[in-house]
Amino acid sequence: MFDALRRYRDRRVLRRAALPDELWRDACAALPFLGGYDAQELARLRDLVVLFLDAKSIVGARGHDVTPLQRTIIAIQACVLVLNLDLVLFDGFENVIIYPGEFVPGWEYEDEAGVVHRHDGPLAGEAMHGGPVILSWPDVAASADWDASQMNLVIHEFAHKIDMRDGDANGCPPLPDAEARREWQRVMREAYADFSARVDAGEETAIDPYAAENPGEFFAVLSEVFFADPWLLRDEYPAVYGEFARFYRQDPARRTESR
Ligand SMILES: [Zn+2]
């Protein structure tokens, strides 16, 4: 019943709201990694973007005006994650807030010893549990070109959102059953231990060492690599690549040539 209602609503939104061709073309052109997507995938992505923009408010704050192009560029990258999944994974929050630069979050957290810390240092992005996704526009703009920046801020923060669907951002997204969860955890634990050891040993890794921060960041950073530089993940952690391909139901390496 709920599904039928949702499909009905989606069809109505898609009939009513459209994305101008020129805006769609310009936004795709700003995201080189879309080059490998076939026409069918792009058409599906475009529908998802229309639905995403209908459901979410992407608003500027602290003096930042969000242009239609910026809004579309952000929506596309968020929807790439759920191209073969469901926008339901982004339910539970409405706002994406765009700042004109990095920001210092106001929250505090308590460690295991009961000591309260404030986050120090500015952030480029943040995905709040049950709350908005916050992005610094200059960092979104920079990360459209993976080769130059080696990061994709939008994919990173929305991967956290997917991870949080079933609780904390612990690096384990909602999986179909207990066996899938066990296998996921085994593969991720092994890869995380290996990567952390490499970072601790001072190795210069091709994958951002920030991934060694905790299992949640490992999942978010590796999701960026999976979509924007799939061969890197396939070469470095083939088992993780396999788990991600199964979870996201995509094989991005197939879209691009081996490097
Ligand atoms: Zn993160």
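With our numbering applied, the sequence shown corresponds to residues -13 to 245, in that order.
The C-beta atom is built at its ideal place from N, Cα and C for all residues, glycine as well.
* Asked: Measuring from the CB of Ala(-10), is there a heavy atom of ligand 1 at a distance below 7 Å?
  -> no
* To do: Taking 8 Å as the cut-off, decide whether the C-beta atoms of Leu55 and Leu5 are in contact.
  => no
* Span separating the alpha-carbon of Pro195 from that of Asp(-11) -> 41 Å
* Do Leu44 and Val52 have their CB atoms nearer than 8 Å? -> The sequence shown places Ile at residue 44, not Leu. Yes, these two residues count as a Cβ contact at 8 Å.
* In terms of alpha-carbon separation, which member of Trp123, Ile148 and Asp154 lies closest to Leu246? -> Because the chain spans -13 through 245 in this model, residue 246 falls outside it and cannot be assessed.
* To do: State the start and end residues of the unbroken alpha helix (DSSP H) segment that holds Val35.
  => Ala25 to Ala41
* Asked: Exposed or buried, which one is Leu(-9) when buried takes at least 16 other CB atoms within 10 Å?
  -> exposed
* Under 6 Å, CB to nearest heavy atom of ligand 1: contacting residues -> His142, His146, Glu203 and Ala206
* Asked: Based on the DSSP output, what are the partners of Tyr85 in its beta bridges?
  -> Ser122
* So what does DSSP say about Leu218, is it helix, strand or coil? -> helix
* Among Arg1, Ala179 and Ala214, the one whose alpha carbon lies nearest that of Ala197 -> Ala179
* Report the rounded CA-to-CA distance for Arg48 versus Ser182, giving the unit in angstroms. => 37 Å
* To do: Check the DSSP bridge columns for Glu112 and list the partner residues they point to.
  => Ile120
* To do: Under the assumption that Arg151 contacts Pro159 (Cβ atoms under 8 Å), give the Cβ distance between them as a whole number of angstroms.
  => 7 Å
* To do: Could you check what DSSP says for Ile44 in three-state terms: helix, strand or coil?
  => strand
* C-alpha gap between Val35 and Asn70, whole angstroms -> 13 Å
* Is the distance from the Cβ of Ile84 to the Cβ of Leu17 below 8 Å? -> no
* Ignore the nearest five residues each way along the sequence and tell me which others in Leu109's own chain have a CB closer than 7 Å to its CB. => Glu88, Phe89 and Pro91
* Within its chain, find whatever has a CB closer than 8 Å to the CB of His142; leave out the 5 residues flanking it on each side and keep chain order. => Gly111, Ala206, Val207, Ser209 and Glu210
* When the distance is taken between beta carbons, is Ala225 closer than 8 Å to Val173? -> yes
* To do: Within the same chain, show all residues whose beta-carbon is closer than 7 Å to that of Ala3, passing over the 5 residues directly before and after it, in chain order.
  => Val36 and Asp40
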